[in-house]
Amino acid sequence: MSHCVKMTALQVLSKLCRPGLQAYSTGVRKFCLSPNGASQSHFDVLVVGGGTGGITMSARLKRKVGAGNVAIIEPSEKHYYQPMWTLVGAGAKPLNKSGRSTASVIPSGVTWIKSSVQEFDPDKNLVRNDDGTQVSYKYLIIALGLQLQYEKIKGLPEGFTDGKIGSNYSVNFVEKTWKALQDFREGNAIFTFPNTPVKCAGAPQKIMYLSEHYFRKTGKRPKANIIYNTSLPVIFGVKKYADALLEIVKTRNIEVNYRSNLIEVHTDKQEAVFEKLDHPGETETLQYEMLHVTPPMAPPEVIQKSPLADAGGWLDVNKENLQHCRYSNVFGIGDCTNLPTSKTAAAVAAQSAVLSQTISLVMKNQKPTHKYDGYTSCPLVTGYNRCVLAEFDYEAQPLETFPFDQGKERRSMFHMKADLMPPLYWYALLKGLWGGPKPLRTFMHLGMK
Ligand code: FAD
Ligand code: UQ1
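Residues in the sequence shown are numbered from 0 upward in steps of one, following numbering that gives the first Met the number 0.
This is the structure in structure tokens:
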């Protein structure tokens with residue numbers, strides 16, 4: 000053991016290690032051995048999950064508490080800009096443009112712990128990882144995203160080898176969408192929306208509009224029967240944009256079936272089986288030439304089984320300030336939370352500005368004052384050169400940035416989605432410099448009602 004620790008290191012360790020913990024390394028400043036022998040480290044701020052919310056918050060918190068005091072636990076070597084997958088599935092962007100190494104997006108001065116959190120112990124202020132290590136914290140930010148559950152559909156994920164099934168929701172299957180689209184000859188092109196909460200609730204139909212446009216461009220449209228089978232009773236949750244989308248499906252001759260949920264695929268017969276949610280026990284089987292699957296989604300297992308979850312398994316946070324409802328030094332952001340808004344990167348951006356303020360005040364023993372209004376945005380791509388930019392709040396009321404009617408399809412909004420959003424993501428959001436378009440909205444609407 001480390002009897003020969005230098006004085007400076009010893010001082011640091013005695014400050015960092017809680018009673019009962021022993022130092023085991025002279026070289027690694029913050030590592031200790033817990034009474035049960037597990038290696039343990041401590042950080043003022045611990046972020047779990049190095050996706051959109053985790054990287055964003057670690058950049059903001061590093062500026063607040065200084066280099067060396069923030070760590071991120073993230074198992075993946077790659078960080079993806081998932082919104083690009085809509086365009087990857089349609090062949091409009093290459094997959095490799097959507098990803099960068101995790102190492103390159105972790106802010107300098109933030110420690111990357113390359114593990115998976117296996118257990119939260121908020122009463123002891125620590126987490127346990129799958130490699131047996133433990134990390135204790137003063138403040139914890141949870142940004143674990145959500146889990147995709149392809150396996151809940153009988154015949155998947157093995158059915159993805161079929162060549163006619165794709166899914167923009169997974170890095171493993173998004174290129175299969177483009178392959179199925181190119182190989183399409185004639186028949187049904189079916190697009191699904193599951194019977195669970197999802198991230199980017201517009202994405203299941205964006206790829207449908209892109210496919211319809213692709214069929215028109217390639218002369219296949221007369222042979223394509225385009226079908227949207229959704230578990231929801233509406234095409235979109237905000238009336239203004241739902242009305243616009245209903246007009247679009249009508250003019251493009253797209254069939255929409257509500258309360259219809261994909262439960263099974265038979266790749267040998269190219270059949271998809273849907274349960275009729277309003278008629279229990281009833282199913283409908285459709286033949287497909289192309290099938291785009293949006294999988295069921297759920298909160299991460301590790302949150303579900305923790306004392307941090309709400310009854311539905313999502314991270315239980317205050318909807319205004321993002322502080323955990325029972326543990327005041329725990330906070331949440333993004334898809335893993337129970338914030339009653341649509342789960343998007345745009346929402347993460349707006350949440351990050353509020354959460355930053357909340358944590359600053361909590362660190363000074365003050366009450367959080369800033370309020371998240373539920374802002375979220377979904378660029379509803381409706382073709383290779385058009386987009387309806389939906390933006391709305393907790394009340395499902397439009398909260399639009401630009402001083403024109405965003406309910407209309409626009410080329411400018413397509414370029415914003417395809418060309419402006421990626422740099423905004425990599426160079427502003429992930430650096431903790433973009434807190435959503437609220438200031439821009441205020442400026443754009445100056446002098447207007
Ligand atoms: P994520 O970015 O998913 O990050 C979660 C992280 O947690 C991951 O890195 C994961 O590896 C890590 N993790 C998981 N389990 C553990 C564990 N046990 N321990 C440690 N780490 C763990 N949003 C928009 O704003 N606009 C769009 O146009 C848009 N389009 C989209 C299109 C598609 C096809 C998809 C899939 C998403 C789209 N989104 C869009 C949604 C957006 O990408 C997500 O809402 C956003 O990335 C959520 O960020 P997050 O940090 O909550 O989760
Ligand atoms: C946004 O802030 C954001 O996060 C960076 C997205 O994710 C990629 C979006 O898709 C959108 C639309 C926004 C909102 C930004 C503006 C300028 C309206």
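We put the beta carbon where it would ideally sit given N, CA and C, even for glycine.
Give me the residue from Asn95, Lys113, His78, Lys61 with the minimum Cα distance to Ile72. Taking the sequence shown and counting its residues from 1, the one referred to as residue 72 is at position 73. It is Lys113.
Hey, which unbroken runs of the beta strand (DSSP E) at 3 residues or more fall wholly within the stretch 194 to 218? The DSSP assignment places no complete beta strand (DSSP E) segment of no fewer than 3 residues inside the stretch 194 to 218.
May I have the straight-line CA-CA distance separating Glu211 from Leu307, to the nearest angstrom? In the sequence shown, the residue the question calls residue 211 occupies position 212. In the sequence shown, the residue the question calls residue 307 occupies position 308. Roughly 43 Å between the two C-alpha positions.
The stretch 286 to 293 in contact with the stretch 252 to 269 per 3-pair CB rule at 8 Å: yes
Looking at Asp334: is its Cβ nearer than 8 Å to the Cβ of Leu145? Position 335 of the sequence shown, counted from the first residue, corresponds to residue 334. Position 146 of the sequence shown, counted from the first residue, corresponds to residue 145. Contact flag set, yes.
Here's the rule: buried if 16 or more other CB atoms are within 10 angstroms of the residue's CB, otherwise exposed. What is Pro436? Translated into positions along the sequence shown, residue 436 becomes position 437. It counts as buried.
So the candidates are Gly382, Val301, Gln39; which of them puts its Cα closest to the Cα of Met207? On the sequence shown, residue 207 is found 208 positions in, with the first residue counted as 1. Nearest of Gly382, Val301, Gln39 to Met207, Cα basis: Gly382.
Can you have a look at Gly311 and say buried or exposed, based on whether 16 or more other CB atoms are within 10 angstroms of its CB? As a working note, residue 311 is residue 312 in the sequence shown. Around the beta carbon of Gly311, fewer than 16 other beta carbons lie within 10 angstroms, which makes this residue exposed.
Option in Leu60, Ser103, Asp122, Ser38 with minimal Cα separation from Arg325: Indexing the sequence shown from 1 puts residue 325 at position 326. Arg325 has its Cα closest to that of Asp122, out of Leu60, Ser103, Asp122, Ser38.
With distance defined between alpha-carbon atoms, name the residue in Ser341, Arg410, Lys216 nearest to Gly236. The count along the sequence shown starts at 1 and reaches residue 236 at position 237. Of the candidates Ser341, Arg410, Lys216, the one whose C-alpha sits nearest the C-alpha of Gly236 is Ser341.
Pro402: CB within 7 Å of a non-hydrogen atom of the ligand FAD: Sequence index remark: in the sequence shown, residue 402 carries index 403 (1-based). Checking the Cβ of Pro402 against the ligand FAD gives no.
heavy atom of the ligand FAD below 7 Å from Asn167 C-beta: Position 168 of the sequence shown, counted from the start, is the residue given in the question as residue 167. Answer for Asn167: yes, Cβ within range of the ligand FAD.
Residues that Gly98 bridges to, as DSSP identifies them: Working through the sequence shown from its first residue, we reach residue 98 at position 99. Per DSSP, Tyr79.
So is the beta-carbon of Leu314 under 7 Å away from any non-hydrogen atom of the ligand UQ1? For the purposes of this step, residue 314 is taken as the residue at position 315 of the sequence shown. No, Cβ of Leu314 sits at least 7 Å from all heavy atoms of the ligand UQ1.
Indicate whether the contact test is met: 3 or more Cβ pairs, each with one atom in the stretch 439 to 446 and one in the stretch 398 to 410, closer than 8 Å. yes
Any idea if Lys249 is buried or exposed, counting beta-carbon neighbours within 10 angstroms, 16 or more meaning buried? One-based indexing of the sequence shown puts residue 249 at position 250. Label assigned to Lys249: exposed.
Would DSSP call Ser355 helix, strand or coil? Mapped onto the sequence shown, residue 355 falls at position 356. It is helical.
Under 8 Å: do the stretch 359 to 369 and the stretch 342 to 350 share three or more Cβ pairs, one atom per stretch? no
Straight-line Cα distance separating Met56 from Arg99: Position 100 of the sequence shown, counted from the start, is the residue given in the question as residue 99. Position 57 of the sequence shown, counted from the start, is the residue given in the question as residue 56. Roughly 18 Å separates the two Cα atoms.
What are the residues that DSSP puts in a beta bridge with Pro397? Along the sequence shown, one-based indexing puts residue 397 at 398. Its beta-bridge partners are Phe391.
Do you know how far the Cα of Pro422 is from the Cα of Asn384? Residue numbering aside, residue 384 sits at position 385 when the sequence shown is read from its first letter. Residue numbering aside, residue 422 sits at position 423 when the sequence shown is read from its first letter. Those two C-alpha atoms are separated by around 19 Å.
On the three-state DSSP scale, how would you describe Tyr426? The residue labelled residue 426 in the question sits at position 427 within the sequence shown. In the structure shown, Tyr426 sits in a helix (DSSP, three-state: H, G or I).
Short Cβ contact (8 Å threshold) for Ala387 with Tyr213: The residue you call residue 387 lines up with position 388 of the sequence shown. The residue you call residue 213 lines up with position 214 of the sequence shown. Looking at the sequence itself, residue 387 is Val, so the reference to Ala does not match. Going by C-beta atoms, Val387 is not nearer than 8 Å to Tyr213.
Is Thr284 near Lys275, with beta carbons less than 8 Å apart? As a first step, residue 284 must be located in the sequence shown, where it is residue number 285. As a first step, residue 275 must be located in the sequence shown, where it is residue number 276. No. Outside cutoff.
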